[in-house]
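Residue numbers (the UniProt record's numbering): 1 to 223.
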Amino acid sequence: MRIDIITLFPEIALAPLSESIMRRAREAGLVEVHAHQLRDWATGKHRKTDEYLCGGGQGMLLKPEPIFAAVEELRGDDTQVLLMTPQGIPFKQQHAQELADSAHLIILCGHYEGVDHRVIEELVDREISIGDYVLTNGAIAAAVVTDAIVRLIPGALGDARSPEDESFTDPNMLEAPAYTKPNDFRGMKVPDVLLSGDHGKIAAWKKNKALQRTRKNRPDLLD
Ligand code: ADE
């Protein structure tokens with residue numbers, strides 16, 4: 001897989017993808033990630049990437065020309081173009097799974113009030129939001145989405161770990177609480193059932209606790 005992130009802040013997009021599991025996945029050749037400076041496609045003396053809103057309104061918008069030039073240069077036959085925007089579809093594990101076997105993704109990052117709508121109409125396959133809040137720029141969101149996708153590429157998590165058992169693989173259920181050693185920490189004990197070795201009982205306990213946790217933290221998932 002290849003991922004090209006187009007942003008005014010390539011360092012912000014790349015920093016979280018340069019450590020730990022993401023760094024190893026890139027070094028192992030499971031994914032090639034490039035972060036590009038949008039300004040490199042801007043023309044004119046000042047390489048301007050933003051403009052005032054047509055029709056008035058506060059703030060600035062990313063101009064279409066540099067974005068069109070960047071996408072037209074980078075895209076191939078098998079490319080999907082994503083736009084990071086709070087106006088997008090809320091990003092879910094299911095979307096990460098759908099995108100994990102893509103050959104090539106271009107991720108456009110909004111800034112200021114977003115991008116000229118002609119970009120969305122002509123170039124963008126999916127508008128993605130990572131949550132109902134507004135970030136200062138989409139590079140942070142691009143790193144989040146890239147991480148969620150890349151960790152699902154077979155081999156990215158290493159042999160010992162599997163994404164199968166975790167929250168949102170069942171999109172309607174959070175994971176059960178988990179414990180490690182010591183069995184007794186300041187009088188707080190690991191539940192006996194987890195030390196019992198009875199796999200049937202442990203599975204039933206986990207299912208029940210997962211349900212309780214989902215009811216408490218994410219009742220919307222159970223509706
Ligand atoms: N850019 C700014 N806020 C965002 C969000 N919530 N999701 C995706 N991109 C964004």
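A virtual CB, placed ideally from N, CA and C, is assigned to each residue, including glycine.
- For the pair aspartate 170 and arginine 24, the Cα-to-Cα distance works out to about 27 Å.
- Secondary structure at lysine 189: strand, using DSSP grouped into helix, strand and coil.
- Counting along the chain, leucine 82 sits inside the beta strand (DSSP E) bounded by residues 79-90.
- The continuous beta strand (DSSP E) containing methionine 60 extends over residues 60-62.
- The C-alpha of glycine 110 is placed about 22 Å away from the C-alpha of glycine 76.
- For arginine 126, the enclosing beta strand (DSSP E) begins and ends at 126-129.
- Its chain contains Ile5, Ala13, Met84, Ile107 and Cys109 as the residues whose beta carbon lies nearer than 6 Å to that of alanine 142, once the 5 sequence neighbours on both sides are disregarded; these appear in chain order.
- Collapsing the DSSP output to three states places aspartate 4 in a strand.
- Counting the other Cβ atoms within 10 Å of the Cβ of aspartate 198 gives fewer than 16, which makes it exposed.
- The segment 48-64 makes no contact with the segment 84-100: fewer than 3 CB pairs, one atom from each, lie closer than 8 Å.
- Beta-bridge pairing by DSSP links isoleucine 106 to Asp4 and Val81.
- Using a Cβ distance threshold of 8 Å, leucine 157 and serine 167 do not count as a contacting pair.
- The Cβ atoms of tyrosine 133 and aspartate 50 do not sit closer than 8 Å to each other.
- The three-state reading of DSSP puts glutamate 175 in coil, since its state is none of H, G, I, E or B.
- Asparagine 183 sits in coil when the DSSP states are folded into three classes, being neither helix nor strand.
- As computed with DSSP, alanine 210 is found in no beta bridge at all.
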